[in-house]
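Under the numbering used here, think of the first position of the sequence shown as 3, with each following residue one higher. Cβ atoms here follow ideal geometry from the backbone N, Cα and C, with glycine treated the same way. Single-structure report; data block below.
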Amino acid sequence: MALEVMLGYRDEQVRRIRLAQEAGRVDAAWDPVELMTLIFGIASAWVHEPGASPAPGGIPDPAAMAGRRTNVIRAVERLIAPSAIRPIN
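In structure tokens form, the structure reads like this:
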């Protein structure tokens with residue numbers, strides 16, 4: 003059942019990406035599943051960065067967390083921005 007829920011969520015996200023691509027808000031050169039994978043990778047990159055997590059029992063620095071969030075948003079905005087330049091297939 004959990005797998006079905008996850009796949010349903012993924013399918014809905016793919017549908018939303020396609021709609022955004024059709025509306026010109028997301029670069030249509032990306033395959034929606036590949037784009038989701040890239041975005042997930044960007045968002046989860048901080049988990050593996052030394053010093054990204056506080057020591058056990060520690061409290062995350064709110065300013066550092068806000069800065070990381072801003073950087074993730076900026077990176078994803080650049081990734082999905084519609085572009086006149088298309089990759090070579």
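### Backbone secondary structure at G26 - three-state DSSP
In this structure, G26 counts as coil in the three-state DSSP scheme.
### Query
So, is P84 buried or exposed, given that buried needs 16 or more other C-beta atoms within 10 angstroms?
exposed
### Query
How close, in whole Å, do the beta carbons of I19 and V28 come, if the pair is a contact with beta carbons under 8 Å?
6 Å
### Task
Using beta-carbon positions only, say whether I44 and A77 come within less than 8 Å of one another.
yes
### Residue span of the alpha helix (DSSP H) that contains A77, given as start and end
Element bounds for A77: P64 to I82.
### Message
DSSP three-state label for D33, please.
### Response
coil
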